[in-house]
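Numbering (the working numbering), first residue to last: 265 to 622. For each residue, glycine too, the CB sits at the ideal point set by N, CA and C. One structure is given below, encoded as structure tokens.
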């Protein structure tokens, strides 16, 4: 991201400048004059880096040795299939539907001929709120409980882990490493890297070793967590560049002060923008305040005829990718880890000026 240009894309998202500066260097020479783009995933130089990056990641999140950390391909969507195939046994599986991504995950599970129990689906309120847990249809015999911590499309976030007796699986594609979490509250966490952890092409899976030990002989090796763990995430050719970028981002997060520092910055950014929107006569955010996302902030203009004008003028001011998802419309500002407070302040200044001219 260049100076005075801010990318509010929901993903792939903006990267820290120090990371992009470093990438410019290793594009040409990572090891013995070879570009990072041509280095083997099985080379000593990359294996050493991969080991160091996992160590840093575990330190950031305080991940115990009861968990495997896998660096996989296929995007987070690939996990929509791997999770039910590896974790489903004889019982049903519970899915909490709070937006488009959890709904898609449930559909993928159902396509595996697995009994999917929809605990709750908040589509009745257009995914602007989450039904009270007292009303959820939880199956005590389910093999696991699945939810998405943050729905990027609708800007709705479940801020605290769900207290449940069955194995807890969480899609944290847009929130992992935005704040401290207790990994021990979860059995499986997964996240695509292209929002807070780097670029597209890499998905990180944190999974309890005892779950990996559950046999899944009916699956091909490429679909088994156990095989990926045995081969240290190098069962097949690894996404070297994406993995390397993630390692640089882990280092950058530590340099900023770790996850507690990230949480303070991210909360500041979201509070600034929500406060302005809530006090505006032109902009609205439809999401229940209890479930507002820290990182994906949708807003609509009260006159949608102004949408195209807003977007055009925003780009002229150096503010890009503010258009909302096609299924929702309006605007959306994604303010992940690498978005500086200054970028949010610049957006608010533009929004104020635009409102004053209407």
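Residues that DSSP places opposite residue i in a beta bridge
i: residue 282; result: For residue 282, which the question treats as bridged, DSSP gives no partner whatsoever.
i: residue 587; result: 595
i: residue 334; result: 469
i: residue 456; result: 467
i: residue 414; result: 421
i: residue 433; result: 410 and 452
i: residue 620; result: DSSP output for residue 620 lists no bridge partner at all.
i: residue 326; result: DSSP, once it has assigned bridges, lists no residue as partnering residue 326.
i: residue 270; result: 583
Whole-Å CB distance - residue i paired with residue j, under 8 Å assumed
i: residue 352; j: residue 382; result: So it is not a contact: roughly 15 Å between Cβ atoms.
i: residue 337; j: residue 469; result: About 11 Å separates the two Cβ atoms, so there is no contact after all.
i: residue 416; j: residue 597; result: No, residue 416 and residue 597 are not in contact; Cβ-Cβ is about 12 Å, not under 8 Å.
i: residue 303; j: residue 504; result: 6 Å
Straight-line gap, residue i to residue j (C-alpha atoms, nearest Å)
i: residue 550; j: residue 391; result: 9 Å
i: residue 301; j: residue 313; result: 15 Å
i: residue 628; j: residue 305; result: Outside the shown range of the chain, which is 265 to 622, sits residue 628, and nothing can be said about it.
i: residue 515; j: residue 457; result: 15 Å
i: residue 280; j: residue 356; result: 42 Å
i: residue 269; j: residue 287; result: 19 Å
i: residue 518; j: residue 564; result: 36 Å
i: residue 524; j: residue 482; result: 42 Å
i: residue 420; j: residue 414; result: 6 Å
i: residue 577; j: residue 409; result: 44 Å
i: residue 569; j: residue 590; result: 16 Å
i: residue 354; j: residue 375; result: 16 Å
i: residue 522; j: residue 443; result: 9 Å
i: residue 448; j: residue 441; result: 15 Å
i: residue 322; j: residue 509; result: 16 Å
i: residue 581; j: residue 328; result: 46 Å
i: residue 543; j: residue 620; result: 13 Å
i: residue 533; j: residue 607; result: 9 Å
i: residue 319; j: residue 506; result: 17 Å
i: residue 432; j: residue 450; result: 5 Å
i: residue 285; j: residue 603; result: 16 Å
i: residue 623; j: residue 368; result: Not covered by the structure: residue 623. The range shown for the chain is 265 to 622.
i: residue 500; j: residue 480; result: 19 Å
i: residue 618; j: residue 418; result: 24 Å
i: residue 380; j: residue 535; result: 37 Å
i: residue 547; j: residue 571; result: 11 Å
i: residue 528; j: residue 538; result: 15 Å
i: residue 609; j: residue 594; result: 20 Å
i: residue 466; j: residue 272; result: 21 Å
i: residue 445; j: residue 324; result: 10 Å
Of the residues the options, the one placed nearest residue i, counting alpha carbons only
i: residue 290; options: 279, 614 and 512; result: 512
i: residue 307; options: 425, 294 and 563; result: 294
i: residue 474; options: 302, 490 and 278; result: 490
i: residue 556; options: 363, 432 and 480; result: 363
i: residue 553; options: 393, 358 and 463; result: 393
i: residue 372; options: 387, 384 and 349; result: 349
i: residue 407; options: 358, 384 and 413; result: 358
i: residue 600; options: 569, 328 and 526; result: 526
i: residue 387; options: 509, 361 and 402; result: 361
i: residue 558; options: 365, 615, 466 and 424; result: 424
i: residue 400; options: 427, 416, 417 and 418; result: 427
i: residue 492; options: 504, 507, 505 and 476; result: 476
i: residue 403; options: 430, 330 and 595; result: 430
i: residue 335; options: 282, 397, 297 and 464; result: 464
i: residue 611; options: 574, 622 and 412; result: 574
i: residue 278; options: 435, 462, 547 and 446; result: 462
i: residue 331; options: 498, 454, 579 and 459; result: 454
i: residue 365; options: 435, 297 and 466; result: 435
i: residue 347; options: 605, 452 and 616; result: 452
i: residue 495; options: 315, 446, 412 and 422; result: 315
Check: residue i C-beta below 7 Å from any heavy atom of the ligand NAD
i: residue 375; result: Because no ligand of any kind appears in the structure shown, any question about the ligand NAD cannot be addressed here.
| field | Length at least 4, wholly inside the stretch 520 to 572: the alpha helix (DSSP H) runs in chain order | value | 522 to 542
| task | Can you check the stretch 352 to 397 for any alpha helix (DSSP H) of at least 4 residues that lies completely inside it and give the ranges in chain order? | result | 364 to 374
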